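Taking it in order: structure first as structure tokens, then the write-up.
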Ligand code: NDX
């Protein structure tokens, strides 16, 4: 049966960090080509309706750690921290897989990116789940440690901001519509990438709560993946809407 190989965790986390840097260098100059940044002049590649695409893409991030958690034998009952933290990860991806896609009004998603997105979700789902279930060791009072409590608080706050902001984006469209409007309300008052800001806060919170290399690598990956995207959204809005609020920042309220 499976056991913890610290070398494997180190290798997979390092590769995740390297992928993050690769993304940063790729996507600072040109945005990843989906949603409002898809090139319309190119020959249309294969696309899948947003619902199917987001469901398929995110499913492994829920399924892989959930299966690792359920199938571990003998079941790991101690410490409580490991299971709680693994459940937090699964909880986010339960939302992202089974709830978010069914309400989205996004345009069809490129198959090629869907393929890479799925590979990424398998990889990351395995890394986070494997580490928490087979490797992580926490003292029995981890649940009262300041890292766990403050990290959990940030995680919940970020998740709240992310879900609320994605709801505000969705309400900009009637069903069937694919046009872009100026997002209003919530944290969009301050930043163009409010949903991304929430997601980044969420995963840094998770990293602090787990105090682990894989989770910090994933938080860094998230920052490098959707940070540049927030910047490109911001530029898109400034270019498209002459009445775009001048005080609004790209990603971090009042700062950047
Ligand atoms: N999926 C994470 N890399 C990604 C998909 C793409 O969950 O090859 C990362 C995720 C993947 C990426 C994933 C991994 C890396 C990939 C990349 C593609 C290339 C890249 C594979 C897995 C790659 C290397 C080089 C390493 C191999 O029509 P529409 O769709 O634009 O409509 C939008 C709508 N909307 C508006 N409606 C009206 N008016 C407006 N002004 C509007 N603005 C937007 O709102 C959408 O329906 C919806 C949201 O749009 P948007 O663009 O704000 O968010 P989106 O990027 O679609 O993300 C949706 C949610 C969001 O909450 C975000 O935080 C979360 O998913 N997310 C997204 C990406 C990654 C991620 C989280 C993470 O890293 N944690």
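Residue numbers (my numbering): 40 to 295.
We treat Cβ as the ideally placed atom computed from N, Cα and C, and that holds for glycine.
All of these numbers come straight from a predicted model, not from anything done at the bench.
- Here residue 100 is near residue 136, since their CB atoms are less than 9 Å apart.
- Contact check for residue 248 against residue 187 passes: the beta carbons are separated by less than 9 Å.
- Under a 10 Å Cβ-count criterion, residue 190 is classified as buried, with 16 or more other Cβ atoms of the shown protein chains found around its own Cβ.
- The nearest non-hydrogen atom of the ligand NDX is 8 Å or more from the C-beta of residue 288.
- For residue 223, the shortest C-beta to heavy atom distance toward the ligand NDX is 8 Å or greater.
- By the 16-neighbour rule on beta-carbons within 10 angstroms, residue 130 is exposed.
- Within the chosen limit of 8 Å, the ligand NDX reaches the beta carbon of residue 89 through at least one heavy atom.
- Measuring C-alpha to C-alpha distances from residue 181 to each of 118, 288, 166, 87 identifies 118 as the nearest.
- With a beta-carbon spacing of about 3 Å, residue 269 and residue 232 fall inside the 8 Å limit used to define contacts.
- For residue 205, the enclosing alpha helix (DSSP H) has its first and last residue at 185-209.
- Distance from the CA of residue 294 to the CA of residue 252, rounded to the nearest whole angstrom, comes to 27 Å.
- Restricting attention to 97, 72, 207, 47, the CA atom closest to the CA of residue 225 is found in 207.
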